[in-house]
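Peer 1: The structure follows.
See below:
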């Protein structure tokens, strides 16, 4: 259980605390983000129940690599309108510290102490946004990719592309074989590159050796075209969640990116919204 | 004026300290860690880049006046902040670094590096809903 006060954290409530839900004892839940356990604690049981539904299936008992306290400082009705966008810094950068703000929430993270405090409304979107910032920093041996992940039971394929390219459509078509439809971690290990699902947006836990990457686009028929490594690298660069706030972490992520771009075959996959796309998608990697 | 004269007068360059790079396929991708921007160099540009980064500490590349394409390329890299002029150190090389390449050295593309990658979408925050929506037994 975490302490309830951190003198280093400067948090100013965005609105008055919701008087209908008085603070109670702090409770916590742990969830697995591709072998990185994160513990969330809050005195607001309703928020914690929301979070448990949000990350259902990813519960873990592993020792947390990061502990996050969530202070509910606004009702759920204080919900922002429109896209989330990237978070902005509220303080000058300091070593291993992040002070950020998003729509109606703030976060202060101390990566040396492996703690963070989020203050926001009774909703889970601030945690989603914060985890997208922190995961690239917590997974130094991997890259967080904007991709769906599907598997033939033995190997995994990352199916990436900009929003609207068909990640969620493909994952829904292949629901029995899909691990996630938004973010996955690609990790370079001693035995190759492993793909792990992350709980964004529809997801279940899953990991498998990475067989290849497909850059998706909608089409009338299924068509797969192998991309030259340099073309693939340019497309893939735009689909990585880069740890831009720390140059040393960015350099490390770039080295990992280079390894993945060199080793993993990449195709452009034009597909029609039909389940038989599986035959093309899971075809031998030499084609 | 001879090539040797122009070499002596031409600026010499070395890579900036805030860049990382990787040869991928026929291109070299250079990442500016400060500006958070990636650049793709074609094969000839990559050859020149690697000649530059393999120099000993304090050394710089100088080019013969006949290598105008290379000079323009280095000037572009300098304007992008990827390399910087040096005023001391070892003499530059007048070796025709680009012999054998049919194309001129070029920066072929550049892209911003973003914290959320391509994940900044039009989805309403929290619109992802709950997980476990895919079958657990697959």
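Chains as they are written, first to last, in this note's numbering: chain A, 526 to 812; chain B, 95 to 232.
Every residue gets a Cβ at the ideal spot worked out from N, C-alpha and C, and that includes glycine.
Is there a Cβ from chain A that is less than 8 Å from the Cβ of residue 174(B)?
Peer 2: On the second chain, residue 174(B) is found 80 positions in, with the first residue counted as 1. Not one chain A Cβ lies under 8 Å of residue 174(B).
Peer 1: Measure from the C-beta of residue 800(A) to each C-beta in chain B and report whether the shortest distance is under 8 Å.
Peer 2: Start at 1 with the first residue of the first chain, and residue 800(A) comes out as number 275. No, residue 800(A) does not count as interfacial toward chain B.
Peer 1: Would you mind sorting residue 653(A) into buried or exposed? The rule is 16 or more other CB atoms within 10 Å of its CB.
Peer 2: Along the first chain, read from residue 1 onward, the residue named residue 653(A) stands at position 128. Buried, since its Cβ has 16 or more Cβ neighbours within 10 Å.
Peer 1: If you draw a straight line from the alpha carbon of residue 584(A) to that of residue 566(A), how long is it in whole angstroms?
Peer 2: Your numbering for residue 584(A) matches position 59 in the first chain. Your numbering for residue 566(A) matches position 41 in the first chain. The straight-line gap from Cα to Cα measures roughly 14 Å.
Peer 1: Within 8 Å (strictly less), CB to CB, does residue 684(A) reach chain B?
Peer 2: Here residue 684(A) refers to the residue found at position 159 when the first chain is read from its first residue. Closer than 8 Å: no.
Peer 1: With 8 Å set as the bound, which would you pick, yes or no: does the beta-carbon of residue 779(A) sit closer than that to a beta-carbon of chain B?
Peer 2: Along the first chain, one-based indexing puts residue 779(A) at 254. Answer yes: the Cβ-Cβ gap between residue 779(A) and chain B drops below 8 Å somewhere.
Peer 1: Out of 645(A), 665(A), 562(A) and 568(A), which has the shortest C-alpha to C-alpha gap to residue 779(A)?
Peer 2: By one-based count along the first chain, residue 779(A) stands at place 254. Closest by alpha carbon: 665(A).
Peer 1: Under 8 Å between C-beta atoms, does residue 171(B) make it to chain A?
Peer 2: By one-based count along the second chain, residue 171(B) stands at place 77. False, the Cβ-Cβ gap to chain A never drops below 8 Å.
Peer 1: What's the gap between the Cα of residue 710(A) and the Cα of residue 559(A)?
Peer 2: As a working mapping, residue 710(A) is identified with position 185 in the first chain. As a working mapping, residue 559(A) is identified with position 34 in the first chain. Going by the C-alpha atoms only, they are around 7 Å apart.
Peer 1: Along the beta strand (DSSP E) that carries residue 733(A), what are the first and last residues, could you check?
Peer 2: Residue mapping note: residue 733(A) aligns to position 208 of the first chain, counting from 1. From DSSP, the beta strand (DSSP E) with residue 733(A) extends over 732-743.
Peer 1: With a threshold of 8 Å, are at least 3 pairs of Cβ atoms found where one atom belongs to the region 639-650 of chain A and the other to the region 746-763 of chain A?
Peer 2: With the cut-off at 8 Å, the region 639-650 of chain A and the region 746-763 of chain A do not touch.
Peer 1: Please tell me whether residue 783(A) and residue 177(B) are closer than 8 Å, where the distance is taken between their beta carbons.
Peer 2: Start at 1 with the first residue of the first chain, and residue 783(A) comes out as number 258. Start at 1 with the first residue of the second chain, and residue 177(B) comes out as number 83. It is not a contact, given that the beta carbons lie outside the stated cut-off.
Peer 1: Using a Cβ-Cβ cut-off of less than 8 Å, give me the residues of the region 765-794 of chain A that come near chain B, in sequence order.
Peer 2: Listed by position, the residues of the region 765-794 of chain A near chain B (Cβ gap below 8 Å) are 765, 766, 767, 768, 769, 770, 772, 775, 776, 779, 780, 782, 783, 786 and 787.
Peer 1: Given a cut-off of 8 Å, decide if residue 201(B) and residue 134(B) are closer than it, judged by their beta-carbon atoms.
Peer 2: As a working mapping, residue 134(B) is identified with position 40 in the second chain. As a working mapping, residue 201(B) is identified with position 107 in the second chain. For residue 134(B) and residue 201(B), yes; Cβs fall inside 8 Å.
Peer 1: Give the secondary structure of residue 802(A) by DSSP, where H, G and I count as helix, E and B as strand, and everything else as coil.
Peer 2: As a first step, residue 802(A) must be located in the first chain, where it is residue number 277. The answer is helix: DSSP assigns residue 802(A) an H, G or I state.
Peer 1: Give me whichever residues DSSP pairs with residue 176(B) in a beta bridge.
Peer 2: Taking the first residue of the second chain as 1, we reach residue 176(B) at position 82. DSSP lists no partner for residue 176(B).
Peer 1: Closest to residue 142(B) by C-alpha separation, out of 209(B), 208(B) and 170(B), would be which residue?
Peer 2: Locating residue 142(B) in the second chain gives position 48, counting from the first residue. Checking every option, the nearest Cα to that of residue 142(B) belongs to 170(B).
Peer 1: Can the beta-carbon of residue 562(A) be found less than 8 Å from the beta-carbon of residue 599(A)?
Peer 2: For the purposes of this step, residue 562(A) is taken as residue 37 along the first chain, with counting starting at 1. For the purposes of this step, residue 599(A) is taken as residue 74 along the first chain, with counting starting at 1. Contact: no.
Peer 1: Take residue 797(A) and list the residues in its own chain whose beta-carbon comes closer than 7 Å to its own, dropping the five residues that flank it on each side.
Peer 2: Looking up residue 797(A) in the first chain gives position 272. 744, 745, 746 and 747.
Peer 1: Taking DSSP as the reference, what is the three-state secondary structure of residue 183(B)?
Peer 2: Against the second chain, residue 183(B) aligns to sequence position 89. Reliability fails at residue 183(B), whose pLDDT of 49 lies under 50, so the model's placement of it is uncertain and the value that follows must be treated cautiously. Looking at residue 183(B) - three-state DSSP - the assignment turns out to be coil, as it is neither helix nor strand.
Peer 1: Measure the C-alpha to C-alpha separation of residue 804(A) and residue 616(A) and round it to an integer number of angstroms.
Peer 2: For the purposes of this step, residue 804(A) is taken as residue 279 along the first chain, with counting starting at 1. For the purposes of this step, residue 616(A) is taken as residue 91 along the first chain, with counting starting at 1. If I take the Cα positions, the gap works out to 51 Å.
Peer 1: Is any beta-carbon of chain A found at less than 8 Å from that of residue 200(B)?
Peer 2: Position 106 of the second chain holds residue 200(B). Closer than 8 Å: no.
Peer 1: With DSSP collapsed to three states, give me the class of residue 567(A).
Peer 2: Here residue 567(A) is taken as the residue at index 42 of the first chain, counted from 1. Three-state DSSP puts residue 567(A) in a strand.
Peer 1: Quick one: is residue 719(A) near chain B, going by C-beta distance under 8 Å?
Peer 2: Position 194 of the first chain, counted from the first residue, corresponds to residue 719(A). Not closer than 8 Å to any Cβ of chain B, the Cβ of residue 719(A) fails to qualify, so no.
Peer 1: Taking contact to mean 3 or more Cβ pairs, one atom from each stretch, closer than 8 Å, check whether the region 624-637 of chain A and the region 678-692 of chain A are in contact.
Peer 2: Flag = no, the region 624-637 of chain A and the region 678-692 of chain A do not touch.
Peer 1: Along the chain, where does the alpha helix (DSSP H) that runs through residue 657(A) open and close?
Peer 2: Translated into positions along the first chain, residue 657(A) becomes position 132. Where residue 657(A) is concerned, the enclosing alpha helix (DSSP H) stretches over 650-663.
Peer 1: List, in chain order, every chain A residue whose beta-carbon is nearer than 7 Å to that of residue 123(B).
Peer 2: Counted from its first residue, the second chain places residue 123(B) at position 29. Those are 758, listed as they occur along chain A.
Peer 1: Output the boundary residues of the beta strand (DSSP E) element that contains residue 792(A).
Peer 2: Counting from 1 along the first chain, the entry for residue 792(A) is found at position 267. First-last of the beta strand (DSSP E) with residue 792(A): 791-796.
Peer 1: Does the beta-carbon of residue 671(A) have 16 or more other beta-carbons within 10 angstroms, so that it is buried, or is it exposed?
Peer 2: As a working note, residue 671(A) is residue 146 in the first chain. When all chains shown are included, residue 671(A) counts as buried.
Peer 1: Per DSSP, what kind of secondary structure is residue 690(A) in: helix, strand or coil?
Peer 2: Working through the first chain from its first residue, we reach residue 690(A) at position 165. Correct three-state label for residue 690(A): coil.
Peer 1: Just to make sure I have the definition right: I need the residues of chain B whose C-beta is within less than 8 Å of the C-beta of residue 762(A). Which are they?
Peer 2: In the first chain, the residue the question calls residue 762(A) occupies position 237. Residues of chain B passing the Cβ test: 123, 132, 205 and 207.
Peer 1: Looking at the structure shown, is residue 784(A) part of a helix, part of a strand, or coil, going by DSSP?
Peer 2: Taking the first chain and counting its residues from 1, the one referred to as residue 784(A) is at position 259. Here residue 784(A) sits in helix by DSSP.
Peer 1: Tell me the DSSP secondary structure of residue 611(A) in three-state form.
Peer 2: Numbered from its first residue, the first chain carries residue 611(A) at position 86. Correct three-state label for residue 611(A): coil.
Peer 1: Could you tell me which of 120(B), 147(B), 121(B) and 106(B) sits nearest to residue 113(B), measuring between CA atoms?
Peer 2: By one-based count along the second chain, residue 113(B) stands at place 19. Selected option, being the one with the closest Cα: 147(B).
Peer 1: Can you tell me the Cβ-Cβ gap for residue 197(B) and residue 137(B), rounded? I've got them flagged as a contact below 8 Å.
Peer 2: For the purposes of this step, residue 197(B) is identified with residue 103 of the second chain, where counting begins at 1. For the purposes of this step, residue 137(B) is identified with residue 43 of the second chain, where counting begins at 1. Indeed, because the Cβ distance is near 7 Å, the residues count as touching under 8 Å.
Peer 1: Which term fits residue 641(A), buried or exposed, when burial requires 16 or more other beta carbons within 10 angstroms of its beta carbon?
Peer 2: Residue numbering aside, residue 641(A) sits at position 116 when the first chain is read from its first letter. So residue 641(A) counts as buried.
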